[in-house]
Structures are given as C-alpha cells and as structure tokens.
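Student: Once you know that position 410 of the sequence shown is 405 in the working numbering, the rest is easy, because the numbers rise by one and skip nothing. Yeah, the Cβ is synthetic: ideal placement off N, Cα and C, and Gly gets one too. Bear in mind that the values here come from a model prediction, so they are computed numbers and not experimental data.
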Amino acid sequence: MKTIITNSIIITMNSDMEVFPDGYVKIEGTKILETGPSCDLKETTEELRAAGWQIKDGKRGILMPGMVNTHCHLGMIPFRGLGDDCKDRLRVFLLPMEQKAMSRRMAALSSRYAICELLLSGVTSVMDMYYFEAAVAQVMDQTGIRGIAGQTLMDEGGCDASDADQSLSMAKELIETYRMHPRISGCAAPHATNTCSPQILKKAWELDTANQVPFTLHAAEMDYEMTWLAQTRGCTPVGYLDQLGVLSNQTAAAHCIHLTDRDIEILRQRGSGVCHCIGSNAKAAKGVAPVLKLLKEGVSVGLGTDGPASGNTLDLFTQMRLCAGFQKNDSHDRSAMPAKDIVSMATRQGARVLGLEEKIGSIEPGKEADLVLVETDSPNMFPVYDPYSALVYSANASNVRDVYVAGTCLVQDKKLVYEDFESIRRELSDCMGRSAFGEMQELHRL
Ligand SMILES: [Zn+2]
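1) Spatial neighbours of residue 449 within its chain, please: C-beta separation below 8 Å, excluding the five flanking residues on both sides.
2) I'd like the list of long-range same chain contacts for residue 294, defined as Cβ closer than 8 Å, with 5 residues on each side in sequence excluded.
3) If we ignore side chains and look at the alpha-carbon of each, how far apart do residue 441 and residue 154 end up?
4) Can you list, in chain order, the residues of its chain with a C-beta nearer than 8 Å to that of residue 221? Leave out the 5 residues immediately preceding and following it.
5) Say yes only if the C-beta of residue 433 is nearer than 7 Å to one or more non-hydrogen atoms of ligand 1, and no if none qualify.
6) Around the Cβ of residue 312, are there at least 16 other Cβ atoms within 10 angstroms (buried) or fewer (exposed)?
7) Is any heavy atom of ligand 1 found at a distance shorter than 7 Å from the C-beta of residue 301?
8) CB residue 396 to CB residue 408, shorter than 8 Å?
9) Which one of 352, 30, 403 and 434 has the shortest CA to CA distance from residue 209?
10) Helix, strand or coil for residue 178 per DSSP?
11) Which of the three DSSP states is assigned to residue 441 in this structure?
12) Who pairs with residue 29 in a beta bridge, going by DSSP?
13) Which residue comes first and which comes last in the beta strand (DSSP E) that contains residue 107?
14) Are residue 121 and residue 102 close, meaning C-beta to C-beta below 8 Å?
15) State the start and end residues of the unbroken beta strand (DSSP E) segment that holds residue 137.
16) What does residue 210 pair with, by DSSP beta-bridge criteria?
17) Do residue 214 and ligand 1 come close, with the Cβ less than 7 Å from some heavy atom?
18) List in chain order: all unbroken beta strand (DSSP E) runs of 3+ residues lying wholly within the region 212 to 291.
19) Entirely within the region 293 to 347 and at least 4 residues each: give me those alpha helix (DSSP H) ranges in chain order.
20) Our contact map puts residue 399 next to residue 364 with C-beta atoms below 8 Å; I'd like the distance itself, whole angstroms only.
21) With DSSP as the reference, please indicate the residues paired to residue 141 in a beta bridge.
22) To which residues of the same chain is residue 169 closer than 7 Å at the C-beta, ignoring the five residues directly before and after it?
23) Please report the straight-line C-alpha distance between residue 424 and residue 108, rounded to a whole angstrom.
24) Would the beta-carbon of residue 77 fall within 8 Å of that of residue 304?
25) Bridge partners for residue 125 per DSSP, in chain order?
26) Short of 7 Å in beta carbon distance, which residues of its chain neighbour residue 435, apart from the five on each side in sequence? Order them along the chain.
27) Would you say the beta carbon of residue 66 is closer than 7 Å to some non-hydrogen atom of ligand 1?
28) Can you tell me where the alpha helix (DSSP H) with residue 425 in it begins and where it stops?
29) Confirm, please, whether the CB-CB distance from residue 70 to residue 126 is below 8 Å.
30) Classify residue 213: buried if its beta carbon has 16 or more other beta carbons within 10 angstroms, exposed otherwise.
31) Does the Cβ-Cβ distance between residue 340 and residue 298 come in under 8 Å?
32) In whole angstroms, give me the CA-to-CA distance for residue 412 and residue 110.
33) Can at least three beta-carbon pairs, one atom from the region 48 to 65 and one from the region -2 to 13, be found at a separation below 8 Å?
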C-alpha cells in the first residue's frame, strides 16, 4: 500500500523542527518513506497514479505526528462524570463502584469506546494502566491503535486480582504475549508509591526493565502520599523511588506534581520521564507540576489525560491548552511555554517518555507512519499564521480529519474507518445498565 498526502502544512517535529508550509508525505507499508516541500516532489500526479500511489489531498490542513497520550485508564469510561465535584470522589464513588461493577467484559467494552475516542481526537499511541489488561491489549490490537497495556499492581489487589503477586504474574504473561507485536506491548504498572510495597515496586521494575518496556506508576500526586512518605520514610516519592533503585530511562512517572529541586535533579540524572496530566490535576485541585523547570533541566515530559473519571475527555488538545494556560499563569509570563514546546510534549517527548522515540513522534523517513491531519476549514481554524499556535490555542478534537497508525488510515473525514461507534456505545451502555452503574444512572435521572 502506497499513499501520498499532498497539499498540507507539515510540522515534522524532527530535530531541526522543520516545517513545510506546503508539503507532502509518502507512506509505504507501515512507514514514512519521504517528506518535504511540494516543490521537491519529482513526480507529477499522473506519474504517481501510474506508479500505484493513492493520492490524498490534505486541503491545506496541518499534518502532524500522531499524538501520544502517556497516561490513561481506558477501562474507566463508565465513571466519566460520576462525582465530578465531590470532595472525596475516590472513596465515595470510584473504589466502591470498581469493586461492585467492574468486570473483564466492561473493561474491554470501555477500552474499545475509549480507543475510538482517542483515535477520533488524533491520539495514535496510548499508555494504559488499569485492570483486565489482557482484554485491553486485545482491543488495542483489534482497533489498530499503538498501545502499552499496563497491568495495575496494588498490595490489596484489585477488581481482577487478590494481591499484587497475582497481578505481577498477569503482567508477566501479558508482556510475553505481545513481545513480538509491532504495535502493542504489556508492562507491570504499580499503582503508586503508597499503595505498593517496596518489594512489589522492585519486582515490577525488574520485570519491566528486563523486557525493555516502560515502568509506570502514579508518583508525587496525592497530599497524603507526600505526608505518609515523609513520616514513614523521611523522603519524597521521587527520593523514595530512587532509594529503591527503580528510576531509570524506562521509568514514566505520572503526575509528579509535588517535586523539590532535588527531585527534578534526580529525574534528570536517571533519565526518567514524566506524564503530565494537568486536566486531571487541576480538576482535583491537586496543584500544578513544575513543567517549565522540568523541561529546563532536560527532563522529558509527555502529556496524559488520566482516566475519563479524572480528566473527562481523552484528547490532548484540551491538555495542550490547559498546560499552556497554567504554566503561563503560574510564571506570570505570557511568553513562557511556547506552543512549539507544547506540541513537542504531545508528540516527540511523549514518544520518548514511552521509550518509542526511535519509532514514532516525528514525521521522518523510516519512522512509523502515525500521522494526524487537522483540517483548517472550520470557523475556529482561520487564519493560520503559525501551525503550532493554531494547534495549541485554536484547534480542538473536532478538527481532526484523518488519522493514520502504522500507515493504516483509521479515521477518514472525521469518521472511524473500521469501527462502528454507535454499536460500541450501545453495547457499553447495555453492559453498564445491567450492573451497579445502571442504578447510578437511574439515581441521576431522578
Ligand atoms: Zn492515573
């Protein structure tokens, strides 16, 4: 299969940050074969057709690398909007409902729904962390997205395991199943610094490191996590993880809101990445991660939405805009956190955080063809002086027109090519209706 996308504003996100105001990209098989300004294209349209190229007119849209959502909980669609403004949402809504209603089937249906939502918004890679991850990975495979399925580990177990050791065995199997898969991998994902024993944190890190998959967990997120570690171990979460020896360039720490300068230095030295989830953090009034400092010190920071219960939407346009707003506001500097850096976090840096930078994150020959075309015809997208700025400040998920993962067009003209969203929604809704979520829906209808 050979496809050429023409007539587009191309932001390559390569090391020179090249932009082609009128450019093309050639895709052959799963990879990018060639990109450049249209004036460099040697063949005429007729010659391209004769040589078997499928020609797609970009219609002056912005063609960018597929976006990378570094932290998500795909199985949590049923929780979206539940207890949004409740002070103790976690204990009042989330944990009891998870125990009562979450099943393998619901996690799979929710993941399929969430992946469709991701694709429609231009996210082509996602790192997930939830339960029943064997089912989640299967759905990732079927839908065509690129993904890392992180099996959650908690000392007290969860809705799919009675303890962390059982979850670790499930993670082992998951990693093994997808070892040779071109798009999917599995990993052990400890829940957090305060919900897993040091032994489990170490075992998970050893497993992930030996298999060259990310080691991801929530860290420096909760007030009580900070207090507990300070009281019991006399250190910060990052300091604690470093003492355990589980920080490396395969570590992707989600949130990292509460960091000292020393923590940032440790993350830099170890080459660990941060998954910044500003939408979730701001909604829960947890604080704002020191992203400007992290970037200044050379720590890789990707963007994440967190789960639909925490950040509600799964698109990175929302996160890009919030990230810009909070960092500018916090530093009282309009020029801080420029759009170019934010788009980098949503693409190339996100890929680096997940250990996928060799494969994806930029539009360059030899890389996987994970691409997003953002149309510029809608009222909110005119005029475009600077494509980075247009993506961060003007665009939203509804402007995503076409999406490719590994050279396959999964979204065309704003519609899913292979998935029937209506039936996915109906199935999930029926499954929820037959569970404790059904009672919740009834309650909220009154
Ligand atoms: Zn999370």
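Tutor: Reading from the atomic positions:
1) In the structure as shown, the chain starts at -4 and stops at 441, and residue 449 therefore has no counterpart that could be examined.
2) To locate residue 294, count along the sequence shown from 1; it is residue 299. Within the same chain, residue 294 has close Cβ partners 259, 262, 263, 267, 268 and 269.
3) Looking up residue 441 in the sequence shown gives position 446. Looking up residue 154 in the sequence shown gives position 159. Note that residue 441 has pLDDT 47, beneath the 50 cutoff, so the model's placement of it is unreliable and the number below is only indicative. About 29 Å.
4) Locating residue 221 in the sequence shown gives position 226, counting from the first residue. Result list for residue 221: 215, 231, 232 and 253, in chain order.
5) Counted from its first residue, the sequence shown places residue 433 at position 438. Placement of the Cβ of residue 433 at a distance of 7 Å or more from every heavy atom of ligand 1 is found.
6) On the sequence shown, residue 312 is found 317 positions in, with the first residue counted as 1. Buried, by the Cβ-count rule.
7) As a first step, residue 301 is located in the sequence shown; it is residue number 306 there, counting from the start. Yes, ligand 1 has a heavy atom inside 7 Å of this Cβ.
8) Residue mapping note: residue 396 aligns to position 401 of the sequence shown, counting from 1. Residue mapping note: residue 408 aligns to position 413 of the sequence shown, counting from 1. Yes, these two residues count as a Cβ contact at 8 Å.
9) As a working note, residue 209 is residue 214 in the sequence shown. Per the Cα distances, 352.
10) Translated into positions along the sequence shown, residue 178 becomes position 183. Coil, per DSSP.
11) Within the sequence shown, residue 441 is the residue found at index 446, counting from 1. Reliability fails at residue 441, whose pLDDT of 47 lies under 50, so the model's placement of it is uncertain and no value is given.
12) By 1-based counting over the sequence shown, the position of residue 29 is 34. DSSP output for residue 29 lists 21 as bridge partner(s).
13) If you number the sequence shown from 1, residue 107 lands on position 112. Careful: residue 107 lies outside any beta strand (DSSP E), inside the alpha helix (DSSP H) at 99 to 115.
14) Position 126 of the sequence shown, counting from 1, holds the residue named residue 121. Position 107 of the sequence shown, counting from 1, holds the residue named residue 102. Not a contact, by the Cβ cut-off of 8 Å.
15) Taking the sequence shown and counting its residues from 1, one reaches residue 137 at position 142. First-last for residue 137: 128 to 138, but that is the alpha helix (DSSP H), not the beta strand (DSSP E).
16) Locating residue 210 in the sequence shown gives position 215, where the first residue counts as 1. Residue 210 pairs with 246.
17) Mapped onto the sequence shown, residue 214 falls at position 219. No, since every heavy atom of ligand 1 falls outside the 7 Å radius drawn around the Cβ of residue 214.
18) 246 to 250 and 268 to 271
19) 311 to 326 and 334 to 341
20) Mapped onto the sequence shown, residue 399 falls at position 404. Mapped onto the sequence shown, residue 364 falls at position 369. Separation of the CB atoms of residue 399 and residue 364 is rounded to 5 Å, and the pair is thereby assigned contact status at 8 Å.
21) Taking the first residue of the sequence shown as 1, we reach residue 141 at position 146. Secondary-structure assignment with DSSP links residue 141 through a beta bridge to 120.
22) The residue labelled residue 169 in the question sits at position 174 within the sequence shown. These residues qualify, in order along the chain: 128, 129, 132, 144, 146 and 181.
23) As a position in the sequence shown, residue 424 is number 429, starting the count at 1. As a position in the sequence shown, residue 108 is number 113, starting the count at 1. Near 10 Å, if we compare the C-alpha coordinates of residue 108 and residue 424.
24) As a first step, residue 77 is located in the sequence shown; it is residue number 82 there, counting from the start. As a first step, residue 304 is located in the sequence shown; it is residue number 309 there, counting from the start. Result yes, Cβ atoms of residue 77 and residue 304 sit closer than 8 Å.
25) In the sequence shown, residue 125 corresponds to position 130, counting from 1. Paired residue(s): 146.
26) Numbered from 1 along the sequence shown, position 440 holds the residue referred to as residue 435. Same-chain partners within the cutoff: 77.
27) Mapped onto the sequence shown, residue 66 falls at position 71. Because some heavy atom of ligand 1 lies under 7 Å away, the Cβ of residue 66 counts as near it: yes.
28) As a first step, residue 425 must be located in the sequence shown, where it is residue number 430. Counting along the chain, the alpha helix (DSSP H) containing residue 425 begins and ends at 416 to 428.
29) Numbered from its first residue, the sequence shown carries residue 126 at position 131. Numbered from its first residue, the sequence shown carries residue 70 at position 75. Contact flag set, yes.
30) As a first step, residue 213 is located in the sequence shown; it is residue number 218 there, counting from the start. That one is buried.
31) Reading the sequence shown from its first residue, position 345 is the one you call residue 340. Reading the sequence shown from its first residue, position 303 is the one you call residue 298. Their beta carbons are under 8 Å apart, which means residue 340 touches residue 298 by this criterion.
32) Along the sequence shown, one-based indexing puts residue 412 at 417. Along the sequence shown, one-based indexing puts residue 110 at 115. When rounded, the distance between both Cα atoms is 13 Å.
33) yes
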